[in-house]
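In this text, residue positions in the sequence shown follow the working numbering: the first is 4, and each later residue adds one. A virtual CB, placed ideally from N, CA and C, is assigned to each residue, including glycine. Worksheet for the structure shown next.
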Amino acid sequence: MVSHCGMKRTCFTGCVDVPLTKKGVEEAIEAGKRISNIPVDMIYTSALIRAQMTAMLAMTQHRRKKVPIILHSESEQAREWSQIFSEDTKKQSIPVVTAWQLNERMYGELQGLNKQETADRFGKEKVHEWRRSYDIPPPNGESLEMCAERAVAYFKDHIEPQLLSGKNVMIAAHGNSLRSIIMYLDKLTSQEVINLELSTGIPMLYIFKGGKFIRRGSPAGPTEAGVYAYTRRLALYRQKLDEMLH
Numbered sequence: 004m005v006s007h008c009g010m011k012r013t014c015f016t017g018c019v020d021v022p023l024t025k026k027g028v029e030e031a032i033e034a035g036k037r038i039s040n041i042p043v044d045m046i047y048t049s050a051l052i053r054a055q056m057t058a059m060l061a062m063t064q065h066r067r068k069k070v071p072i073i074l075h076s077e078s079e080q081a082r083e084w085s086q087i088f089s090e091d092t093k094k095q096s097i098p099v100v101t102a103w104q105l106n107e108r109m110y111g112e113l114q115g116l117n118k119q120e121t122a123d124r125f126g127k128e129k130v131h132e133w134r135r136s137y138d139i140p141p142p143n144g145e146s147l148e149m150c151a152e153r154a155v156a157y158f159k160d161h162i163e164p165q166l167l168s169g170k171n172v173m174i175a176a177h178g179n180s181l182r183s184i185i186m187y188l189d190k191l192t193s194q195e196v197i198n199l200e201l202s203t204g205i206p207m208l209y210i211f212k213g214g215k216f217i218r219r220g221s222p223a224g225p226t227e228a229g230v231y232a233y234t235r236r237l238a239l240y241r242q243k244l245d246e247m248l249h
């Protein structure tokens, strides 16, 4: 299950560690209502506070009322201090793993600038190229390809083993890191992922079965407009799912 934290800002926020907006808080709570009946055994978030806030706020709505607890693995001392020794507490908690690999794309010299300032400084065509190309990074920043390399590698190395062991996993991250993971899950081309649009605060559910990932749309309403991230191929997939459901 993946959820995109709500950050409707006009600036290139990227890896700047800013909290959720008021609307983002509301979207996180609404996302939590959508997944309130889905079991969650582990949570993965980026190292940025807005993704962590999204996960925590979403879980306040969960019917199991388990408490998310961030695991600290920065050092041996941190791991020792963050251990939970009470079995009762373990049963009532959900481990939360934070990882910089799930951070938003690093926009380099674009970070902190709004769209108009960026266009004035670098030129509208150049900015459009950076935003809509797969492998061309902005100055001192990451391309979507570079973001995908770290996010997908982390997913394969750390999250897939949890799924293989039978655990239900929630990921709270960002537009570009999640687009990268979805590219891997849905086997999208670089052109398709560029055109992939995600709605903030709308969780997307994937079923992991037989070594394959099957998209199930939004848990609360698989036929609602705006639930799916649209590409031409995924739009056809949505149509097939709707036919199956009705």
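Asked	Found
Beta-carbon proximity check, residue 21 vs residue 60, cutoff 8 Å	no
Beta-carbon gap between residue 173 and residue 58 smaller than 8 Å	yes
Bridge partner(s) assigned by DSSP for residue 157	DSSP, once it has assigned bridges, lists no residue as partnering residue 157.
Exposure label - residue 168; buried when at least 16 CB within 10 Å	exposed
DSSP state of residue 54 mapped onto helix, strand, coil	helix
Buried/exposed call for residue 46, threshold 16 Cβ in 10 Å	buried
Residue interval of the alpha helix (DSSP H) (run including residue 187)	178-189
Beta-ladder partner(s) of residue 218, from DSSP	209
Residue 48 - containing beta strand (DSSP E), residue span	45-49
Separation of residue 116 from residue 123, as counted between CA atoms	10 Å
Limits of the alpha helix (DSSP H) - the one that residue 101 falls within	Note, residue 101: premise wrong, no alpha helix (DSSP H); beta strand (DSSP E) at 96-102.
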